[in-house]
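Peer 1:
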Amino acid sequence: MLDKIRNKFTPALETGEEVDNIYSILPRPGTIIAEATDEEMEKAAELEIKHYALMRLQDMNIQFDGSSYKELLKDFQDFESDSCKFWRGVASRISVPYEWPIRIDHANGPIYLGGDLYEEEEETED
Numbered sequence: 084m085l086d087k088i089r090n091k092f093t094p095a096l097e098t099g100e101e102v103d104n105i106y107s108i109l110p111r112p113g114t115i116i117a118e119a120t121d122e123e124m125e126k127a128a129e130l131e132i133k134h135y136a137l138m139r140l141q142d143m144n145i146q147f148d149g150s151s152y153k154e155l156l157k158d159f160q161d162f163e164s165d166s167c168k169f170w171r172g173v174a175s176r177i178s179v180p181y182e183w184p185i186r187i188d189h190a191n192g193p194i195y196l197g198g199d200l201y202e203e204e205e206e207t208e209d
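In the numbering used here, the protein residues as written are 84 to 209.
Below is the structure:
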């Protein structure tokens, strides 16, 4: 479970509660859950730059020959591998599930929840 401390959510270190669904304890998007280290901020910036570069390349609809395709595929695979290793390490360090859409503000350092996975509880009128 998560404990609320100073308007931030931080994972409880030792809890006897079992969670059946990791998304049931997911804070709202934008919630700051931890602070990134300087190294994490640098790596997050590097990965984001590479992500945007690869996405722009895809958007260009360039035709590739076989060897260029294999080289580009290797770049994509290396990027995905680096990205997964980095985000797994961050999630593990701050004790949150890897599947949560965590993001790092690489200019200021907060680690926060991104994405649209949080579902508002619908209020029912009687």
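Beta carbons: idealized from backbone N, C-alpha and C, even for Gly. Note that this is a predicted model, so its numbers are computed, not measured.
1) Are G113 and Y181 closer than 8 Å when you measure CB to CB?
2) Unbroken beta strand (DSSP E) runs of length 3 or more, entirely within the region 144–206: which are they?
3) For the candidate residues P110, F159 and T120, whose alpha-carbon lies nearest to that of D188?
4) Tell me whether the beta-carbon of F159 lies closer than 8 Å to the beta-carbon of L137.
5) With a Cβ-Cβ cutoff of 8 Å, do K133 and F162 count as a contact?
Peer 2: Let me spell this out:
1) Here residue 113 refers to the residue found at position 30 of the sequence shown. Here residue 181 refers to the residue found at position 98 of the sequence shown. Cβ distance not < 8 Å, so G113 and Y181 don't count as in contact.
2) If only complete runs of 3 or more residues are kept, the region 144–206 shows the beta strand (DSSP E) at 185–187 and 193–196, in order along the chain.
3) Taking the sequence shown and counting its residues from 1, the one referred to as residue 188 is at position 105. Closest by alpha carbon: T120.
4) For this step, residue 159 is matched to residue 76 along the sequence shown. For this step, residue 137 is matched to residue 54 along the sequence shown. Cβ atoms of F159 and L137: closer than 8 Å.
5) Along the sequence shown, one-based indexing puts residue 133 at 50. Along the sequence shown, one-based indexing puts residue 162 at 79. Closer than 8 Å, so yes.
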